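These notes are about the structure you will find just below.
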Amino acid sequence: MLNVQVVEDDKSIRTRLIQAIQDHPELCLTAYSENFRDAERALVNKPDVLLVDLGLPDGDGIELIHKARRKSAGAIKSIVFSIFGDEKRVVRAIEAGASGYLLKDTPFVMIANAIVEVSQGYAPISPKIAKYLLKRFQVQAEQTKQNNIDVGLSEREQEVLEYTAKGLSMKEVALQMDISYHTVASHTRKVYEKLGVNTRGEAIFEASKSGLIHLHST
Amino acid sequence: MMLRSLLWSLLLMGYVCPVGAQELIELNQGQFHFQSNEAIAESESSITWQPVSLPDNWNKKHPDMGGVGTYRFDWVLEKLPENELLALLLPRVSNNAKIYLNGKLIAQHGEFNSYSLIWNRPYYMTIPTELLRLGSNTLDIKVAVKANYFGRLLPFHIGGDTEIKSAYQRLYFLQVTLSQICAVLAFSMGVFLFFIWRSRKEPVYGWFTLASLAWAFYSLYFFVATLPIPLEYWVRFCFSCHFIMLGAILVYFCHFIGWQHLLRERFILGYAVCAILLLFMLPDIHVFHGIRWVVTGYAVMYTILILALLKSFYYDRHNRKAILGLVCVGSNLILGFHDWANIFFILNHPYVLQFGQPLIFIMMGHEMLKSYMQALTVSESHNRVLAQRIQESEHALRQSLEKTRQAEHEKILLKERERIMADIHDGVGGHLVSVLAVAESSATKEGYVISETVHQAMDELRIVIDSLDPDEQCLSQMLASFRYRYQPRLDMHGIEVIWNFDQLDKFECFGLDKALQLLRILQELMTNVIKHAEADKVTVRVFVRPKGENDKTYVLSLTDNGKGFDVSHTIGRGLGNLKRRVEAVGGLIEFRSNSLGTTVEAQFL
Numbered sequence: 001m002l003n004v005q006v007v008e009d010d011k012s013i014r015t016r017l018i019q020a021i022q023d024h025p026e027l028c029l030t031a032y033s034e035n036f037r038d039a040e041r042a043l044v045n046k047p048d049v050l051l052v053d054l055g056l057p058d059g060d061g062i063e064l065i066h067k068a069r070r071k072s073a074g075a076i077k078s079i080v081f082s083i084f085g086d087e088k089r090v091v092r093a094i095e096a097g098a099s100g101y102l103l104k105d106t107p108f109v110m111i112a113n114a115i116v117e118v119s120q121g122y123a124p125i126s127p128k129i130a131k132y133l134l135k136r137f138q139v140q141a142e143q144t145k146q147n148n149i150d151v152g153l154s155e156r157e158q159e160v161l162e163y164t165a166k167g168l169s170m171k172e173v174a175l176q177m178d179i180s181y182h183t184v185a186s187h188t189r190k191v192y193e194k195l196g197v198n199t200r201g202e203a204i205f206e207a208s209k210s211g212l213i214h215l216h217s218t
Numbered sequence: 219m220m221l222r223s224l225l226w227s228l229l230l231m232g233y234v235c236p237v238g239a240q241e242l243i244e245l246n247q248g249q250f251h252f253q254s255n256e257a258i259a260e261s262e263s264s265i266t267w268q269p270v271s272l273p274d275n276w277n278k279k280h281p282d283m284g285g286v287g288t289y290r291f292d293w294v295l296e297k298l299p300e301n302e303l304l305a306l307l308l309p310r311v312s313n314n315a316k317i318y319l320n321g322k323l324i325a326q327h328g329e330f331n332s333y334s335l336i337w338n339r340p341y342y343m344t345i346p347t348e349l350l351r352l353g354s355n356t357l358d359i360k361v362a363v364k365a366n367y368f369g370r371l372l373p374f375h376i377g378g379d380t381e382i383k384s385a386y387q388r389l390y391f392l393q394v395t396l397s398q399i400c401a402v403l404a405f406s407m408g409v410f411l412f413f414i415w416r417s418r419k420e421p422v423y424g425w426f427t428l429a430s431l432a433w434a435f436y437s438l439y440f441f442v443a444t445l446p447i448p449l450e451y452w453v454r455f456c457f458s459c460h461f462i463m464l465g466a467i468l469v470y471f472c473h474f475i476g477w478q479h480l481l482r483e484r485f486i487l488g489y490a491v492c493a494i495l496l497l498f499m500l501p502d503i504h505v506f507h508g509i510r511w512v513v514t515g516y517a518v519m520y521t522i523l524i525l526a527l528l529k530s531f532y533y534d535r536h537n538r539k540a541i542l543g544l545v546c547v548g549s550n551l552i553l554g555f556h557d558w559a560n561i562f563f564i565l566n567h568p569y570v571l572q573f574g575q576p577l578i579f580i581m582m583g584h585e586m587l588k589s590y591m592q593a594l595t596v597s598e599s600h601n602r603v604l605a606q607r608i609q610e611s612e613h614a615l616r617q618s619l620e621k622t623r624q625a626e627h628e629k630i631l632l633k634e635r636e637r638i639m640a641d642i643h644d645g646v647g648g649h650l651v652s653v654l655a656v657a658e659s660s661a662t663k664e665g666y667v668i669s670e671t672v673h674q675a676m677d678e679l680r681i682v683i684d685s686l687d688p689d690e691q692c693l694s695q696m697l698a699s700f701r702y703r704y705q706p707r708l709d710m711h712g713i714e715v716i717w718n719f720d721q722l723d724k725f726e727c728f729g730l731d732k733a734l735q736l737l738r739i740l741q742e743l744m745t746n747v748i749k750h751a752e753a754d755k756v757t758v759r760v761f762v763r764p765k766g767e768n769d770k771t772y773v774l775s776l777t778d779n780g781k782g783f784d785v786s787h788t789i790g791r792g793l794g795n796l797k798r799r800v801e802a803v804g805g806l807i808e809f810r811s812n813s814l815g816t817t818v819e820a821q822f823l
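Protein sequence lines, in the order shown, are assigned to chains A and B.
All letters in the first sequence, in the order written, are residues 1 to 218 by the numbering used here.
All letters in the second sequence, in the order written, are residues 219 to 823 by the numbering used here.
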């Protein structure tokens, strides 16, 4: 059984979410809250999965993810519960330690399944985020080349991201690369982990976007 | 002697073919008598005459003594001149002379004081016929000079006035006018170069300025008859200029050819300064000896230069400067040697070194013109490069401005997008998701319809928001996002989709408007398939269909294996919408359907 804590300020969504979790045989709801403060307090229950809405009325969901990771030494897996078009915040959440994200308009039946999948190490990436990550890791690679620090993407990870950016689903990526679905999942998970290692990358990437640093486009 | 005869016969060509009736007589054998300044006038009878042959320099025979040397010539006149006067031409007499015919003074050449110097100009006069005697006539030429200066007389002629006069004019032109021209030329050149040197500060111009001005002053020696200072200082001044000139030309040439190392400037200058000091310290009697030795020293230096030039010419025949230098210095050296020999061996030729200078001027002018042209070419090319650079930087500036403007625009868009997104996130989006949650939880048919509609609304919103993202404005990225977004829904309905986007790279210049419409159409078609088609397999394809030679049509096609519909009778709201969307961007849409499935093709121009 997976213990899930939910943080969502919208009542109807929260209700539906709670319903979906309770309906799922493998999930168990440990706590739910509608704001940052209550959610932070509820972390003492040590849930396996923390489902976080980023826009909380009294705080930032990203901060909560960060705290959860620190307090549990990485035992709590956080999932961002996001509305579309919010990729940048999602990436920041991943940097803060989130293991994945879910879109709020995903059919609720699928949300419960997705929670299970993320807890098992499946890390979904949208084409937009994949493209963003590709660019970012390229900048990071260029910047760290001189320092001989290798936090760049492996060839396979790069390939996975490239396919994902084209809109291929994980299954399709697995087919294309002739590897198993699980291997693809582990590649994306590693990409997420690497993203958390060096947060300096984003600053550089933003600088390049604003024209302060020149970058070769992919 | 041969050379001298040749020169004179050339100069006095008129005599060779006399036009008038008068016989031309050359007087070069006579008698000489010297009387020092201090000597008491002697009576005619007590004078002892010595035979003499012209040319003669009496001051050589009486060193350190000034005075008057009288040359007496007797000649027999067979008949007195009738139609034409007789005339006398002294090619050169130094320094002052009085001419007596049969004991009567008939002319005086020079002022007979220390401010008079007429060593290098011819003298011409007509002989008064009434003083001539039929038979023997006596001509006395008394040449007066200060101690140690020139007391000399060259062979002279008596003949018809016409011929003598024209010969005189030729000689005058050669010895005086030409020297004057050279002096003016040298002076103008010197002044001109002085100003160039002042602005350019190149040593080569400075040295040539010095040489030209020194040359101009030295040239005065050849034609100035009434001196501004006493003779002894004038000679020293003129030869000082000569030394400076010789040194400066030497240094100039070394600079010109780039051989500063050959003869050290300092050595040459020191040599000139020492020579000038020596000149002013030497007593009058040794002045000309001193000049000879100094000039000999210069001759040695010039010879070294000539040898170096010859060597350079031998090893590198393309060294234009060496050739030019060789011609100029060589010719001047020859002329200089001539004059040097003239002084040293008392050849009494006309002096010619001052005429060598135009050659150097022509060469210098040529070189200057050449360097001027080069500078002009270089500056023109620099101007071109500059203009090009300005153009390039202008272009770069325009580009960067454009970039900045674009960045600004993107920034504004991004901000706007973030604002809209925040609104949606907190407002519309949240509400929609709430509605979705409620609708899904109701588990009724209405709920299902509502949730479907909300999904559509959210999809539409997504497209609008994505279109504001600069990274999302290319069709491939839009399609990728769409594919990702729709995959779960399709999976849920058990619909397998084959996405064929192989030709996407040909959609590079597909505009944003068209891309958005294409996406909306695809979304609507996909929704239709999910809702109505009952298909389990869909093929989505975007490709380019050539049309004509340069034209092409962009095509989106969607084929399903659903139950199909009657195209002619089904004019639902959805299909009408689709038509409008395609037509809005100038495209057309085509439906083909039967019981085995449906194919929709949207064509964009």
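Even glycine gets a Cβ: it sits at the ideal position worked out from N, Cα and C.
Note that the structure is predicted; figures quoted are calculated from it, not measured.
Next on the checklist: For residue 763 of chain B, list the residues DSSP reports as bridge partners.
Outcome noted: B:771
Item to check | Continuous alpha helix (DSSP H) assignments of at least 4 residues falling wholly in the segment 60 to 128 of chain A | outcome: 61 to 72, 87 to 96, 108 to 119
Checklist entry - Name the chain B residues that come within less than 8 Å of residue 19 of chain A, Cβ to Cβ? => result 659
Item to check | Partners in chain B for residue 100 of chain A, counting only beta-carbon separations shorter than 8 Å | outcome: What residue 100 of chain A touches in chain B: nothing, since even the nearest Cβ is about 14 Å away.
Item to check | Residues sharing a beta bridge with residue 806 of chain B, DSSP | outcome: B:821
Item to check | Close-in-space but distant-in-sequence residues of the same chain around residue 35 of chain A (CB under 7 Å, 5 per side omitted) | outcome: 9, 56, 57, 58
Item to check | Rounded C-alpha distance that separates residue 508 of chain B from residue 497 of chain B | outcome: 7 Å
Checklist entry - In angstroms, rounded to a whole number, what distance separates the CA positions of residue 54 of chain A and residue 65 of chain A? => result 9 Å
Next on the checklist: Using only CA atoms, which one of B:504, B:487, B:559 lies nearest to residue 514 of chain B?
Outcome noted: B:559
Item to check | Strand pairing of residue 758 of chain B, partner residues [DSSP] | outcome: B:717, B:776
Checklist entry - Contact check, residue 803 of chain B vs residue 731 of chain B under 8 Å by CB: the rounded distance? => result 6 Å
Next on the checklist: Using a Cβ-Cβ cutoff of 7 Å, what residues of the segment 164 to 198 of chain A are near chain B? List them in chain order.
Outcome noted: 165, 166, 167, 169
Next on the checklist: Across the segment 646 to 656 of chain B and the segment 110 to 121 of chain A, are there enough close Cβ pairs to call them in contact, namely three or more that are closer than 8 Å?
Outcome noted: no
Item to check | Contact set between residue 667 of chain B and chain A, taken where Cβ atoms lie within less than 8 Å | outcome: The premise fails here: residue 667 of chain B is roughly 15 Å from chain A at the closest Cβ pair, so nothing lies under 8 Å.
Checklist entry - Between residue 307 of chain B and residue 340 of chain B, which are expected to be in contact by the criterion C-beta below 8 Å, what is the C-beta distance as a whole number of angstroms? => result 6 Å
Next on the checklist: Assess contact between the segment 470 to 484 of chain B and the segment 492 to 506 of chain B, defined as three or more Cβ pairs (one per stretch) separated by less than 8 Å. Is contact present?
Outcome noted: no
Checklist entry - Under a three-way DSSP split, which group does residue 339 of chain B fall into? => result coil
Item to check | Within chain A, the residues that residue 853 of chain B reaches when beta carbons sit closer than 9 Å | outcome: Any answer about residue 853 of chain B is impossible in this case: the structure gives chain B only from 219 up to 823.
Next on the checklist: Please classify residue 87 of chain A as buried or exposed, where buried requires at least 16 other C-beta atoms within 10 Å of its C-beta.
Outcome noted: buried
Checklist entry - Which residues in chain B sit within 7 Å of residue 12 of chain A, going by Cβ to Cβ distance? => result 652, 655, 656
Item to check | Same chain, Cβ closer than 7 Å to residue 298 of chain B, five either side skipped, listed in chain order | outcome: 347, 350, 352
Next on the checklist: Please state the DSSP three-state secondary structure of residue 154 of chain A.
Outcome noted: coil
Next on the checklist: Run through chain A and tell me which residues come within less than 7 Å of residue 697 of chain B, C-beta to C-beta.
Outcome noted: 167
Checklist entry - Any beta-carbon of chain C closer than 8 Å to the one on residue 115 of chain A? => result As a matter of chain content, chain C is missing from the structure shown, whose protein chains are A and B.
Item to check | Burial state of residue 210 of chain A, where buried means 16 or more other Cβ atoms lie within 10 Å | outcome: In this prediction, residue 210 of chain A scores a pLDDT of 47, lower than 50, which makes its location untrustworthy; no coordinate-derived value is stated.
Checklist entry - Could you give the distance in angstroms between the alpha-carbon of residue 503 of chain B and the alpha-carbon of residue 282 of chain B? => result 6 Å
Checklist entry - Considering only residues of the same chain and omitting the five flanking positions on each side of residue 421 of chain B, which have a CB-CB separation below 7 Å? => result 473
Item to check | Contact list for residue 65 of chain A against chain B, beta-carbon separation under 9 Å | outcome: Per Cβ cutoff of 9 Å: no residues; residue 65 of chain A is ~17 Å from chain B at best.
Next on the checklist: Please confirm whether residue 218 of chain A has its beta-carbon closer than 8 Å to some beta-carbon of chain B.
Outcome noted: Any answer about residue 218 of chain A is weak, because its pLDDT of 36 lies below 50 and its placement is not dependable; what the coordinates show is given next. Not closer than 8 Å to any Cβ of chain B, the Cβ of residue 218 of chain A fails to qualify, so no.
Next on the checklist: Quick check on the burial criterion: 16 or more other C-beta atoms within 10 angstroms. Buried or exposed for residue 666 of chain B?
Outcome noted: exposed
Next on the checklist: Just to confirm my understanding: we take residue 739 of chain B, look at its own chain, exclude 5 residues before and 5 after, and list those with CB closer than 7 Å. What are they?
Outcome noted: 774, 796, 799, 800, 820
Next on the checklist: By the three-class DSSP mapping on this structure, what secondary structure does residue 472 of chain B have?
Outcome noted: helix
Next on the checklist: In this structure, how does DSSP classify residue 706 of chain B when only helix, strand and coil are distinguished?
Outcome noted: helix
Next on the checklist: Measuring alpha carbon to alpha carbon, tell me which residue in B:363, B:476, B:516 is nearest residue 492 of chain B.
Outcome noted: B:516
Item to check | Stretch-stretch touch, CB-based, cutoff 8 Å, three pairs: the segment 66 to 83 of chain A with the segment 91 to 107 of chain A | outcome: yes
Checklist entry - Can you list, in chain order, the residues of its chain whose CB lies under 7 Å from that of residue 365 of chain B, leaving out five sequence neighbours each side? => result 282, 283, 284, 502
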